[in-house]
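>
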Amino acid sequence: MATTMKAAILHGREDIRIERVPVPEAEPGELIVRVGAALTCGTDLKVFRRGYHARMIVPPALFGHELAGTVVESGEGVTDFSPGDRVVALNSAPCGQCYFCQRNQENLCDDLLFNNGAYAEFIRIPARIVAKNTLHIPDHVPLEHAALTEPLACAVHGFEDSRPHPGDTVAIIGGGPLGLMMVHVAALAGCEVIAIVKHDGQVEAAQQLGATHIVQTSSVRKAIQQTRALTPKDRGVDIAIEAVGVPEAWQEAVELVRKGGTVNFFGGCAVGTHVTLDTNRIHYSDITLRATFHHTPAICRKALDLIAGGRFQASAFITGHAHLYELNRVFEKLMNRSSEIKTAIVP
Ligand SMILES: [Zn+2]
Ligand SMILES: [Zn+2]
5 MATTMKAAIL
15 HGREDIRIER
25 VPVPEAEPGE
35 LIVRVGAALT
45 CGTDLKVFRR
55 GYHARMIVPP
65 ALFGHELAGT
75 VVESGEGVTD
85 FSPGDRVVAL
95 NSAPCGQCYF
105 CQRNQENLCD
115 DLLFNNGAYA
125 EFIRIPARIV
135 AKNTLHIPDH
145 VPLEHAALTE
155 PLACAVHGFE
165 DSRPHPGDTV
175 AIIGGGPLGL
185 MMVHVAALAG
195 CEVIAIVKHD
205 GQVEAAQQLG
215 ATHIVQTSSV
225 RKAIQQTRAL
235 TPKDRGVDIA
245 IEAVGVPEAW
255 QEAVELVRKG
265 GTVNFFGGCA
275 VGTHVTLDTN
285 RIHYSDITLR
295 ATFHHTPAIC
305 RKALDLIAGG
315 RFQASAFITG
325 HAHLYELNRV
335 FEKLMNRSSE
345 IKTAIVP
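Given below as structure tokens:
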């Protein structure tokens with residue numbers, strides 16, 4: 005095996021360099037995976053813009069976290085995986101010991117271990133992720149589809165946490181990769197989906213992914229009016245899911261639901277952000293507020309099952325392919341609000 009490889013190193017704001025670095029070697033419990041596909045993600049785009057992510061990545065550092073590939077080396081003590089196995093390794097794993105892990109809230113683990121380095125020829129998978137969050141990929145599933153497991157797990161988690169029933173009307177604010185994934189997950193679960201989006205490309209994608217109605221506007225007031233008008237007597241939707249991560253959209257979500265409805269603040273806003281909400285409306289209309297974050301090992305397995313099941317349109321989410329050395333250009337394009345959903349980086 006080669007001793008050096010090409011890898012994307014994040015040096016700071018909008019500064020990714022493709023460099024030659026040593027190929028990692030597997031320590032006990034670890035795997036080395038040859039990356040088959042690494043997908044771009046809204047989080048990576050944020051990191052590219054800001055130059056760091058307080059919890060996930062501090063530069064200079066290997067970059068990228070949605071990947072699938074083939075095991076090339078397994079460390080001492082690894083029994084579930086051997087060279088040649090096709091795997092998806094999640095971006096994180098919980099400790100299993102802390103207060104939250106013990107209560108099945110592993111997404112809130114006090115010691116969540118993150119892994120980065122998917123934009124490279126090879127990646128090291130830490131022992132804890134090998135043990136808890138690395139999954140075998142069924143033969144019929146392409147690697148780039150399996151790489152959707154991580155974002156899809158977040159969407160499935162957020163959707164299930166909103167306690168949906170088949171036939172419910174669900175409004176989803178935001179047509180980014182996760183908003184669209186949420187649209188598809190809700191449609192597959194038998195809900196009537198109203199997708200609230202801004203751009204033309206998002207309209208087509210939401211339609212293809214199963215939205216029953218599309219509300220296209222950048223006015224919050226119009227979005228509320230038009231969405232409510234799609235429900236009997238303007239009463240509002242059963243569930244509203246915010247998938248943008250800005251305060252105005254959080255406030256909008258609360259105005260979309262019916263009495264007794266559920267709001268999920270799924271999009272994380274910038275640090276230090278506050279919102280103002282109508283307390284009377286929340287109390288006297290008995291509205292449930294939730295804010296789902298991240299995923300758990302059980303949900304990750306569900307997400308891969310959904311991808312492998314055949315009804316999930318994985319290829320609709322991968323709208324472009326690029327080589328590792330094109331990574332800067334890919335992110336610049338994503339910053340300019342192109343209609344790309346995700347680009348598969350093939351090292
Ligand atoms: Zn991601
Ligand atoms: Zn924990």
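Under our numbering, residue 351 is the last one in the sequence shown; the count climbs by one each step, no gaps. Heads up, the beta-carbon is just placed ideally off N, CA and C, and yes, glycines get one too. None of the values given here were measured: they were computed from a predicted structure.
Whole angstroms is fine: what's the gap from L260's alpha carbon to V39's?
When rounded, the distance between both Cα atoms is 42 Å.
> Whether or not the segment 196-214 and the segment 160-174 are in contact is what I'm after, with contact meaning three or more pairs of Cβ atoms, one per stretch, closer than 8 Å; do they touch?
The segment 160-174, when compared against the segment 196-214, does touch it at the 8 Å Cβ threshold.
> Which full runs of the beta strand (DSSP E) of 3+ residues lie inside the segment 132-165, going along the chain?
Entirely contained in the segment 132-165, the beta strand (DSSP E) runs reaching 3 residues are, in chain order, 138-140.
> Suppose you measure from the CA of G357 to the CA of A247; what does that come to, to the nearest Å?
There is no way to answer for residue 357, as the model of the chain reaches only from 5 to 351.
> Verify the contact flag: C113, CB atom, against every heavy atom of ligand 1, threshold strictly below 7 Å.
Answer for C113: no, Cβ out of range of ligand 1.
> In whole angstroms, what separates the C-alpha of R90 from that of D242?
Approximately 40 Å, taken between the alpha carbons.
> Does the distance between the C-beta of C45 and the nearest non-hydrogen atom of ligand 3 fall short of 7 Å?
The model on display carries ligand 1 and ligand 2 but not ligand 3.
> For K226, which of helix, strand or coil comes out of DSSP?
Residue state, collapsed to three classes: helix.
> Out of H278, K306, R21 and K346, state which residue places its alpha-carbon closest to the alpha-carbon of A209.
Of the candidates H278, K306, R21 and K346, the one whose C-alpha sits nearest the C-alpha of A209 is K346.
> DSSP state of K202, grouped into three classes?
Three-state result, K202: coil.
> Which residues in the same chain have their Cβ closer than 6 Å to the Cβ of A42, if we skip the five residues on either side of it in sequence?
Excluding residues within five positions, the ones whose Cβ falls inside 6 Å are G68, L71, A122, Y123 and I349.
> If you follow the alpha helix (DSSP H) that V334 is part of, which residue opens it and which one closes it?
Taken as a continuous stretch (DSSP letters only), the alpha helix (DSSP H) holding V334 covers L331 to M339.
> Whose C-beta lies closer than 7 Å to the C-beta of L338 among residues of the same chain, with five residues either side of it excluded?
The residues are T44, L49 and E344.
> So, under 8 Å CB-CB, F52 and E18 are touching, yes? Tell me the CB distance rounded to an integer number of Å.
Between E18 and F52 the Cβ distance is about 6 Å, and since that is below 8 Å, they are a contact.
> Beta-carbon separation of V92 and L35 under 8 Å?
Cβ distance not < 8 Å, so V92 and L35 don't count as in contact.
> If distances are taken between C-alpha atoms only, which option among F269, E31 and T138 comes closest to P301?
Of the listed residues, the one whose Cα sits closest to P301 is T138.
> With three or more beta-carbon pairs closer than 8 Å as the criterion, would you say the segment 274-288 touches the segment 129-148?
Counting Cβ pairs under 8 Å, fewer than three are found: no touch.
> Thinking L116 and P98 are a contact (beta carbons under 8 Å), I'd like their distance in whole angstroms, please.
L116 to P98, Cβ: 6 Å. Contact.
> Cα-Cα, which of G81, G162, N284 and V189 is closest to G313?
The option with the nearest alpha carbon to G313 is V189.
> Any idea what DSSP makes of T266, helix, strand or coil?
Strand at T266.
> Would you check if the distance between the CB atom of E125 and the CB atom of A11 is smaller than 8 Å?
Cβ atoms of E125 and A11: closer than 8 Å.
> Helix, strand or coil: which one does DSSP assign to G313?
DSSP places G313 in helix when its eight states are reduced to three.
> Per DSSP, which one or two residues make a beta bridge with L293?
L293 is bridged to V267.
> Identify the continuous alpha helix (DSSP H) that holds P181 and give its terminal residues.
Run containing P181: P181 to L192, per the alpha helix (DSSP H) assignment.
> Find the nearest neighbour of A253 within the set G265, R315 and S223, judged by alpha-carbon distance.
Closest option to A253, Cα to Cα, is S223.
> Verify whether the separation of the beta carbon atoms of F270 and T296 is less than 8 Å.
Yes; because the gap between Cβ atoms is below 8 Å, this pair is in contact.
> Compare the Cα-Cα distances from A58 to each of G79, G16, P26 and F104 and report the closest residue.
Nearest option by C-alpha distance: G16.
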